[in-house]
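Visitor: Heads up: the sequence lines are chains A and B, in that order. If you use our numbering, the first sequence closes out at 112, no skipped numbers anywhere. If you use our numbering, the second sequence closes out at 1546, no skipped numbers anywhere.
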Amino acid sequence: MPITSDRELKKGNAELLILALLEDQARHGYEIGKLIAERSEGVLRFHVASLYPLLYRLERRGWVKGEWESSGGRRRRYYRLTATGRKILAEQRSRWHAFAGAVNRIVEVRHA
Amino acid sequence: MPDWKKIVREKLGPLPLRNGRRDEVIEELAQQLESAYEEALAEGANEQEAVRRSLAQFEDWEKLRSQVFHSVEGTGLPVWEQNGFFAPRRVPVWVALALTLLLLAIPSFRQALGVLPVPGSDPTDWGPRVFPEKKLRDIEQSGDKEKYARALAFVALHSPREDDQRTIHAAEKAIALDPRLTWISAKVSHRTYADPGYDPHPWIERLKAWDPQNGFAYLLEADANVHGWESRRAGYGAANGSVRRELASEGPWRVSMEKAFTAPRMDFYSARQFALDRQVLREQGFDRPDVLLVGMWSQTMPDFAAMNFYVDTLLKDVGEKARESGRTDDALAAYESVARFGERLESASFYNWQLLSAAKCRKGAYQNMIPLLRSQGRTEQAAELESTLAALKETGVKRPSNVVEERSAHIVQLSGLSVYLLLVVTVAWLVALGTLRWTPNSIPGLDRLASILSVAPVLLLLSSLALFLGYYPYARSIAEYVSVEELQEGFGPFFMGVYGFPDLGAFTEVLPRVFWPSIWCALVAVVGACSLWLARRLRPIHPDEA
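1) Using a Cβ-Cβ distance cut-off of 8 Å, determine whether V64/A contacts chain B.
2) Going by C-alpha to C-alpha distance, which of R93/A, L17/A and G66/A sits closest to E38/A?
3) Would you say G1074/B faces chain A, with C-beta separation under 8 Å as the test?
4) With burial defined as no fewer than 16 other Cβ atoms inside 10 Å of the residue's Cβ, what is the status of E1480/B: buried or exposed?
5) Checking contacts by CB at 8 Å: is G29/A closer than that to chain B?
6) List, in chain order, every chain B residue whose beta-carbon is nearer than 7 Å to that of V43/A.
7) Where K1135/B and L1523/B are concerned, what is the direct C-alpha to C-alpha distance, given to the nearest angstrom?
8) So the candidates are N13/A, A26/A, R60/A and R74/A; which of them puts its Cα closest to the Cα of F45/A?
9) Nearest-angstrom Cα distance between Q1488/B and G1295/B?
10) Should A83/A be flagged as near chain B, meaning a C-beta pair shorter than 8 Å?
11) Any idea which residues DSSP pairs N1214/B with across the strands?
12) What is the DSSP secondary structure of S1337/B, reduced to helix, strand or coil?
13) Is there a C-beta anywhere in chain A that falls below 8 Å from the one on L1064/B?
14) Which residues of the stretch 48-64 of chain A have a Cβ closer than 9 Å to any Cβ of chain B? Give them in chain order.
15) 8 Å is my cut-off, CB to CB: does Q1082/B come that close to chain A?
16) Would you list the one or two residues that DSSP bridges to E1346/B?
17) Where does the unbroken beta strand (DSSP E) through Y79/A begin, and where does it stop?
18) Evaluate the contact criterion for the stretch 1303-1319 of chain B versus the stretch 1357-1368 of chain B: three or more CB pairs, one atom per stretch, below 8 Å.
19) By Cβ distance, which residues of its chain are closer than 8 Å to F1341/B, with the 5 residues on each side in sequence left out?
20) Helix, strand or coil for S71/A, going by three-state DSSP, please let me know.
21) In the DSSP assignment, the alpha helix (DSSP H) including I18/A goes from what residue to what residue?
22) On the DSSP letters alone, give me the boundaries of the alpha helix (DSSP H) that H1070/B sits inside.
23) In its own chain, which residues sit with a C-beta less than 7 Å from the C-beta of P1264/B, not counting the 5 before and 5 after it?
24) Could you tell me whether the Cβ atoms of F1154/B and V1455/B are closer together than 8 Å?
25) Taking the alpha helix (DSSP H) that K1006/B falls in, what are its first and last residues?
26) Can you tell me whether M1257/B is buried or exposed? The criterion is at least 16 other CB atoms within 10 Å of its CB, across all chains shown.
27) Rounded to the nearest angstrom, what separates S1464/B and Y1474/B at their Cα positions?
28) For a contact meaning CB atoms closer than 7 Å, what does R76/A contact in chain B?
29) What first and last residue would you give for the alpha helix (DSSP H) that runs through F1304/B?
30) Tell me, please, whether the CB atom of S5/A is closer than 8 Å to any CB atom in chain B?
31) Is P66/A helix, strand or coil when you go by DSSP?
32) Mind checking which residues open and close the alpha helix (DSSP H) that includes M1369/B?
33) Could you tell me which whole alpha helix (DSSP H) segments of length 4 or greater appear in the stretch 1396-1484 of chain B?
34) Short of 6 Å in beta carbon distance, which residues of its chain neighbour R1009/B, apart from the five on each side in sequence? Order them along the chain.
35) Just how far apart, CA to CA, sit Q25/A and S94/A?
36) Just to confirm, is the Cβ distance from A1096/B to L1461/B under 8 Å?
Here it is in structure tokens:
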């Protein structure tokens, strides 16, 4: 069942999702929203009304940096990770792995 | 293809971001809409459906506006840019303010505001509260100029001191213009006993000459003849018998009292003062029952304690001695004198304590008269007095139930307190709004404060309505009150309820005990709030603030 509730998505750490998507390359807002839906195979859908305020907040904190670039004859604002953003991503990812691992261990034991 | 930038600009409204960020945000959101629109077209949707799908991504533009501003600037949207229900850009707060101002145009509402206790004021201190020195001077000057005797009489009646030169001059001029106002001499003659050096006798003589049948002037004369007796009373250690004998030995006091007790009439001029106060107050624009009521409290009254001493003198000294020596008729005459005086006193009284004093006279007299009348074989008269005495005991002291009036008074006082507080808050809100309008971002936190205070005008309107509705049953023009008794019974209980709640005496007792604990609790709360704020700031990963 897809998780469409924005609140549930935020609980699952929306910042981590965005930082992870920007780890390898710069992306614009529309692309980020589409990628979240695609890579989660439709399980996660990001409400775009929350996506942009979140991007602006990450930018204000200095975790990402947005710049206008032209691509295919269209100007878009691309976001890329800053050094601080990479550090934060590493911390959040580590914490997520610890959390997911712990949950998995419990779930596996129960079903074993 | 729709002009997406134009659509976003219109739907987003004013967004006061710095350094051109507004245009960037609009362009970026327009790109998002355009991409979604193109995607919908590519999926086979017609143009109308594509536009609908694209716009459906942003359902609440006002929320988006607020979130974007907060995310970019790190602070809330300026109060002048907000579109919430209580925001100053919206109509409701200004309608609320306008309605509150409209309420001020209603005389009943103004009357309700006037009745409310002013902190530090004492309702018995009527002169300074309602008529400051300047106001009295103005009334006197206009009365002088227009040769208006009643205004001058009003000044004489309500000046704070009886021996004040203005009081005396105003009384002289009023009586000269209209001799029917000679009764105000009672006020000018009324001296405080502990402050000798002023001779009230000329005024009393004037009163006696003008109204010779009235016992009131003689009661005032008796008081004036022994002024200073209260200090002697303290010296006797409140031994009433000693004080009574001491007073009875004062010839001038006793003679005046005899005349007061035998005078055919008793009139404290309550009705005359009521009519004069009511008229002048209306002329001066003070159409307020509370002012009229409290004004009556300054009415001149003889010393009831001294009067009771004379009653005891007649009952115990004169009457008993005559009875013991077998002079029954003399004893009966003394008792009857007290009984008749009690009846006259009752007819002149309207306050409870006055009526009680009158009833006490009559009861004491009847109780002594009944056995004497029986001993003389006048059983019919004795039986008649017995039934009168029984009726007097039955009526006794009846305190009417004033639950409704007290409840109304509490509503009026609480809503009045809210009106005062919210008025201050609303003024602060208006000042903050004005400051932010002309010098935005000049004071840190002012926007947030103004945003929080935006609810004040609506609450002010609600409090004002509660005050108005709570007071409405008592809102009457003073012209509608035909007698001081009606005013006392119709408005008095409500008015006393307003001043009797909350019990400030109890409050001042409790306050010192709760003051420091309250301060400590507030301190702990502030430290706790600061710690929470600090802990939140220092967390390595911020939670989602959306």
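For every residue, glycine included, the Cβ atom is placed at its ideal position computed from N, Cα and C.
Guide: According to the structure data:
1) By 1-based counting over the first sequence, the position of residue 64/A is 64. No, V64/A does not count as interfacial toward chain B.
2) If you number the first sequence from 1, residue 38/A lands on position 38. Minimum Cα distance to E38/A is reached at L17/A.
3) The residue labelled residue 1074/B in the question sits at position 74 within the second sequence. The beta carbon of G1074/B falls within 8 Å of a beta carbon belonging to chain A, placing the residue at that interface.
4) As a first step, residue 1480/B is located in the second sequence; it is residue number 480 there, counting from the start. The residue is exposed, with fewer than 16 neighbouring Cβ atoms inside 10 Å.
5) Taking the first residue of the first sequence as 1, we reach residue 29/A at position 29. With 8 Å as the cut-off, G29/A counts as an interface residue toward chain B.
6) Taking the first sequence and counting its residues from 1, the one referred to as residue 43/A is at position 43. Correct list: empty, because the minimum Cβ distance to chain B is about 19 Å.
7) Here residue 1135/B refers to the residue found at position 135 when the second sequence is read from its first residue. Here residue 1523/B refers to the residue found at position 523 when the second sequence is read from its first residue. Each residue's alpha carbon lies about 47 Å from the other.
8) Start at 1 with the first residue of the first sequence, and residue 45/A comes out as number 45. It is Arg, not Phe, that sits at residue 45/A in the sequence shown. Nearest C-alpha to R45/A among N13/A, A26/A, R60/A and R74/A: N13/A.
9) By 1-based counting over the second sequence, the position of residue 1488/B is 488. By 1-based counting over the second sequence, the position of residue 1295/B is 295. Going from the Cα of Q1488/B to the Cα of G1295/B covers about 12 Å.
10) One-based indexing of the first sequence puts residue 83/A at position 83. No, no contact with chain B.
11) Taking the first residue of the second sequence as 1, we reach residue 1214/B at position 214. DSSP output for N1214/B lists R1265/B as bridge partner(s).
12) Locating residue 1337/B in the second sequence gives position 337, counting from the first residue. If DSSP states are grouped into helix, strand and coil, S1337/B belongs with the helices.
13) The count along the second sequence starts at 1 and reaches residue 1064/B at position 64. It does: the Cβ of L1064/B has a partner Cβ on chain A nearer than 8 Å.
14) From the stretch 48-64 of chain A, only V48, A49, S50, L51, Y52, P53, L54, L55, Y56, R57, L58, E59, R60 and R61 have a Cβ closer than 9 Å to chain B.
15) As a position in the second sequence, residue 1082/B is number 82, starting the count at 1. When Cβ-Cβ separations below 8 Å define contact, Q1082/B makes no contact with chain A.
16) As a position in the second sequence, residue 1346/B is number 346, starting the count at 1. Partner(s): none; E1346/B has no beta bridge.
17) One-based indexing of the first sequence puts residue 79/A at position 79. For Y79/A, the uninterrupted beta strand (DSSP E) segment begins and ends at R74 to L81.
18) Yes, they touch.
19) Here the question's residue 1341/B lines up with position 341 in the second sequence. Same-chain partners within the cutoff: G1215, A1260, F1261, M1266, V1311 and C1361.
20) Looking up residue 71/A in the first sequence gives position 71. Correct three-state label for S71/A: strand.
21) In the first sequence, residue 18/A corresponds to position 18, counting from 1. It spans A14 to L21 - the alpha helix (DSSP H) in which I18/A sits, taken as one unbroken run.
22) Along the second sequence, read from residue 1 onward, the residue named residue 1070/B stands at position 70. Per DSSP, H1070/B belongs to the alpha helix (DSSP H) from W1061 to E1073.
23) The residue labelled residue 1264/B in the question sits at position 264 within the second sequence. Cβ within range, chain order: Q1213.
24) Mapped onto the second sequence, residue 1154/B falls at position 154. Mapped onto the second sequence, residue 1455/B falls at position 455. No, these two residues do not count as a Cβ contact at 8 Å.
25) On the second sequence, residue 1006/B is found 6 positions in, with the first residue counted as 1. Where K1006/B is concerned, the enclosing alpha helix (DSSP H) stretches over W1004 to L1012.
26) Position 257 of the second sequence, counting from 1, holds the residue named residue 1257/B. Only buried fits M1257/B, as 16 or more other CB atoms lie within 10 angstroms of its CB.
27) Taking the first residue of the second sequence as 1, we reach residue 1464/B at position 464. Taking the first residue of the second sequence as 1, we reach residue 1474/B at position 474. Answer to the nearest angstrom: the Cα atoms are 16 Å apart.
28) For this step, residue 76/A is matched to residue 76 along the first sequence. Listed along chain B are Q1031, each with a C-beta nearer than 7 Å to that of R76/A.
29) Residue numbering aside, residue 1304/B sits at position 304 when the second sequence is read from its first letter. Note, F1304/B: alpha helix (DSSP H), F1304 to D1312.
30) The residue you call residue 5/A lines up with position 5 of the first sequence. With a pLDDT of 46 at S5/A, under the threshold of 50, the modelled position of that residue is not reliable, and the figure given next carries that caveat. Contacts with chain B at 8 Å (Cβ-Cβ) do not include S5/A.
31) Position 66 of the first sequence, counted from the first residue, corresponds to residue 66/A. Before going on, a small fix: residue 66/A reads as Gly here, not Pro. Secondary structure at G66/A: strand, using DSSP grouped into helix, strand and coil.
32) For the purposes of this step, residue 1369/B is identified with residue 369 of the second sequence, where counting begins at 1. Taken as a continuous stretch (DSSP letters only), the alpha helix (DSSP H) holding M1369/B covers N1352 to S1375.
33) Fully enclosed alpha helix (DSSP H) runs of 4 or longer: 1403-1438, 1446-1453 and 1456-1471.
34) Here residue 1009/B is taken as the residue at index 9 of the second sequence, counted from 1. Once the five neighbours on either side are set aside, the close Cβ partners of R1009/B are I1026.
35) Start at 1 with the first residue of the first sequence, and residue 25/A comes out as number 25. Start at 1 with the first residue of the first sequence, and residue 94/A comes out as number 94. Note on geometry: alpha-carbon atoms of Q25/A and S94/A lie some 20 Å from one another.
36) Start at 1 with the first residue of the second sequence, and residue 1096/B comes out as number 96. Start at 1 with the first residue of the second sequence, and residue 1461/B comes out as number 461. Yes, the pair counts as a contact, with Cβ atoms nearer than the cut-off.
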